[in-house]
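Engineer: Numbering (my numbering), first residue to last: 1 to 78.
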Amino acid sequence: VKLAEAFGAKGILCSDPADLDDAIMEMLNYDGPVIFDCLVTKHENCYPMIPSGEPHNKMLLGEASTKDAIGASGAVMV
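#1: In the DSSP assignment, find the unbroken alpha helix (DSSP H) run with residue 22 in it and report its ends.
#2: Between which two residues does the alpha helix (DSSP H) containing residue 2 stretch?
#3: Can you tell me the Cα-Cα spacing of residue 3 and residue 57, whole angstroms?
#4: Please state whether the Cβ-Cβ distance between residue 48 and residue 61 is less than 8 Å.
#5: Out of 1, 15 and 34, which has the shortest C-alpha to C-alpha gap to residue 42?
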């Protein structure tokens, strides 16, 4: 949050899932740049992700259970 403020942006930290909706609305309603720091469980995977040392076209789009969530038109963008 302080780093965002040092660069003239608004910093928002969300560490509780119960506060996530309100924090997202605060981010969307702010008229200016926002850095949103959302803490997740250490072992939670956040997709899409690029494995270390890999190019963007080797991006992991999600677990097998979510593979149909991204359509062909969206997959083209990666």
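Even glycine gets a Cβ: it sits at the ideal position worked out from N, Cα and C.
Structural biologist: Result, derived from the coordinates:
#1: The continuous alpha helix (DSSP H) containing residue 22 extends over residues 20-29.
#2: Element bounds for residue 2: 2-6.
#3: Rounded to the nearest angstrom, the two C-alpha atoms are 30 Å apart.
#4: Their beta carbons are under 8 Å apart, which means residue 48 touches residue 61 by this criterion.
#5: For residue 42, the closest C-alpha among the options 1, 15 and 34 is that of 15.
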